[in-house]
Amino acid sequence: MAKRAGYTNDLEVAQFEVQQKFKNPREWQVTEPMMQKKEAIEWEKKFCEDNNLKSVKLESKKKQQRERWYGFVFTHDGPKK
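In this note's numbering, the protein residues as written are 3 to 83.
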């Protein structure tokens with residue numbers, strides 16, 4: 003059982019992408035909304051360092067006005083091959 007962390011401005015798309023990359027993603031935890039992408043990137047970096055986790059890089063990070071960013075953590079059973 004492994005964990006990963008990441009950031010996104012679209013939680014539904016992020017969950018879909020994670021389901022395509024990892025087996026049985028579950029136990030999702032999501033941060034409060036952040037107003038800047040920079041803040042989300044810093045959260046991800048610090049969280050991964052503090053918890054000795056790898057991050058997950060997502061493909062789609064759509065741009066929209068007044069976007070809110072979220073950090074997330076999930077548990078999985080390994081990458082899909």
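The C-beta atom is built at its ideal place from N, Cα and C for all residues, glycine as well.
Chain C contact for residue i (CB, 8 Å cutoff)
i, result
"Tyr72", "Any reference to chain C falls outside this structure, which holds one protein chain only."
Contact under 8 Å by Cβ, residue i with residue j
i, j, result
"Ala7", "Cys50", "yes"
"Glu19", "Glu61", "yes"
"Trp45", "Gly80", "no"
"Val58", "Gln31", "no"
Backbone CA spacing between residue i and residue j [nearest angstrom]
i, j, result
"Glu29", "Gln38", "25 Å"
"Thr77", "Pro27", "6 Å"
"Lys83", "Pro35", "32 Å"
"Lys40", "Glu69", "12 Å"
"Lys54", "Asn11", "The residue you asked about is not Lys; residue 54 is Asn in the sequence shown. Distance between the alpha carbons of Asn54 and Asn11 is about 24 Å."
Where residue i falls: helix, strand or coil (DSSP)
i, result
"Gln22", "helix"
Task: Every unbroken alpha helix (DSSP H) inside the region 41-81 [4 residues or more] - done: Within the region 41-81, no complete alpha helix (DSSP H) run reaches 4 residues.
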